[in-house]
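> Quick note: the sequence shown uses numbering that gives the first Met the number 0, first residue 0, plus one each step.
Cβ coordinates follow ideal geometry from the N, Cα and C atoms, glycine included.
Note that the coordinates shown come from a computational prediction; the quantities given were computed from them, not determined experimentally.
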Amino acid sequence: MNVSPITLEPMQAKYNQPVSRLLVESFRNKFQPLTKMSDSELARCFEILLHHFPDEPASQRAVAVQNGEVVGTLSLKWKTAEEAKQENLFPPWDEFKTFGKWQLLKLTIGLYCLTHQLKVGECYIADVAVHPLHQGKGVGKLLMQWALNEWQDRPQLDQLSLHVSGKNQRAKQLYEQLSFRTQTRQQSLTSLLLFKEYEWEYMVRTRRAGESA
């Protein structure tokens, strides 16, 4: 049986809706207990955010597509001495007027707590998501290889980093295969209360000797 190839495409407006649904599939366990939003409400919030904050000079998102279906996505962010990125967490509030203010406040808090403050010279994998039906089929590794290539093409960035839940050993093993190493383990009562996640590992891949960009 022939398996259709998976292609990686840059994020485009036409992918906002399917990527939003995929983010819900991957992260509902973090956001639904906190916000009490339904799948469709969360997806709509993510879609609005993707619409208002498309790729900027210091960020990029790839989309994995198979048979016209979005099966994975990965977002990169970076910070150099030359690039200053001014971030706004939310677009105008009237975009969200169909949602409850308390729900939005909790979503804002959740997103803020998951935001990593980049250092100069750091390239950071902000999120990686693979559809549950396509896990274990190489989609995640393909996306991670794309991230490595993008980072290696930017010599001013000396490290590629990410956070992984202390409970997600499967993902950690993949990252270790790609030469990421745990730099710090972070325990957070705030994260435990908000997301039921107590420990996060901050993993870093540095440039090897002689590795060119």
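Alpha carbon to alpha carbon, how far is residue 186 from residue 74?
If I take the Cα positions, the gap works out to 24 Å.
> Would residue 111 and residue 69 be called neighbours here (beta carbons separated by less than 8 Å)?
Taking 8 Å as the Cβ cut-off, residue 111 and residue 69 do not qualify as a contacting pair.
> Is it right to say residue 20 is buried, meaning 16 or more other beta carbons lie within 10 angstroms of its own, or is it exposed?
Burial call: buried.
> Can you find the residues in the same chain that come closer than 6 Å, C-beta to C-beta, to residue 161, ignoring five residues on each side of it along the sequence?
Only 124 and 202 meet the Cβ criterion.
> Can you grab the Cα-Cα spacing for the pair residue 171 / residue 128, in whole Å?
Whole-angstrom Cα-Cα distance: 14 Å.
> What residue range is occupied by the uninterrupted alpha helix (DSSP H) comprising residue 9?
No alpha helix (DSSP H) holds residue 9; the beta strand (DSSP E) holding it covers 6-9.
> Is it the case that the CB of residue 167 approaches a heavy atom of the ligand FAD more closely than 7 Å?
This structure does not include the ligand FAD; it has no bound ligands of any sort.
> For residue 69, which three-state DSSP category applies?
Correct three-state label for residue 69: strand.
> Note down the Cα distance separating residue 84 from residue 1, rounded to an integer number of angstroms.
Unreliable positioning characterises residue 84 in this predicted model, as indicated by a pLDDT of 48, which lies under 50. The coordinate reading is nonetheless provided below. Cα to Cα, the separation comes out at about 44 Å.
> Quickly, what does DSSP pair residue 127 with across the bridge? List them, please.
Beta-bridge pairing links residue 127 to 73.
> Leaving out the 5 sequence neighbours to the left and right, which residues in its chain are closer than 8 Å to residue 165 when beta-carbon positions are compared?
Around residue 165: 184, 196, 197, 198, 199 and 200.
> Thinking residue 173 and residue 204 are a contact (beta carbons under 8 Å), I'd like their distance in whole angstroms, please.
Actually they do not touch by this definition, with Cβ atoms about 12 Å apart.
> I need the straight-line Cα distance from residue 194 to residue 46, nearest angstrom please.
Their Cα atoms are separated by approximately 21 Å.
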